[in-house]
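In the numbering used here, the protein residues as written are 6 to 131.
We put the CB at the ideal spot given by N, CA and C, even for glycine.
All values derive from a computational prediction rather than experimental measurement.
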Amino acid sequence: MRLAVVIGLAALLCACGDAEADREAADAAAKNFTPPAVTSRLDWGGQQERRFNDLDRNADGKLTDDEFPRVDSRLVRADANQDGEVTKGEFSERAMARFDRMDLNRDGTVTSEEQETTRNGTLAAD
Ligand SMILES: [Ca+2]
Ligand SMILES: [Ca+2]
Ligand SMILES: [Ca+2]
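In C-alpha cells form, the structure reads like this:
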C-alpha cells in the first residue's frame with residue numbers, strides 16, 4: 006500500500022518535472038538562450054569567466070577598448086583603476102558585485118525571479 010503511494014507520488018513528480026521542462030524549453034526558445042532557474046555564486050563566476058574569455062579575443066587576460074562591445078558601457082566602468090584595460094580580476098570583481106546586488110535575499114543564489122526584479126528595478130542601473 007505504502008509502495009503504491011510512493012510510486013504514485015514519483016509519477017506525479019515526474020509529470021511536473023516534464024511540464025516544467027517543456028515550459029522552460031519554450032521560454033528558452035522564445036528568448037533564444039537558456040537561463041538557469043537558479044544560479045549559484047560559483048555558476049555565475051564560471052559564466053562570467055567564459056564571457057570574459059569570449060570577449061578577450063587575443064587571450065592576453067585583459068580586455069582593451071577594441072574588445073569591448075560598443076553597447077556595453079558596464080565594461081568601461083569595470084575598469085577600476087582607469088588604465089583603459091579591464092583585467093580578469095577587475096571583471097570578476099565587478100561581476101560578483103553585480104551578483105550580490107541581484108541576490109536580494111542573500112542566500113548565495115540568484116533565481117530567475119531575482120534577476121528579473123533587479124533587471125527591471127533601479128538596482129539594474131549598474
Ligand atoms: Ca585582450
Ligand atoms: Ca584596469
Ligand atoms: Ca537569492
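Residue i: first and last residue of the uninterrupted alpha helix (DSSP H) it sits in
i	result
Leu109	Neither: Leu109 is in no alpha helix (DSSP H) and is coded neither H nor E.
Glu119	117-125
Glu54	46-60
Ala83	78-83
Residue burial classification, residue i (beta-carbon count within 10 angstroms, cutoff 16)
i	result
Ala64	exposed
Glu98	exposed
Asp112	exposed
Ala83	buried
Glu118	exposed
Leu47	exposed
Gln120	buried
Asp108	buried
Strand pairing of residue i, partner residues [DSSP]
i	result
Val91	Leu68
Open item on the list: Give me the pocket residues for ligand 1, defined as CB within less than 6 Å of any heavy atom, sorted by chain position.
Closed with: Asp61, Asn63, Asp65, Lys67, Leu68, Thr69, Glu72
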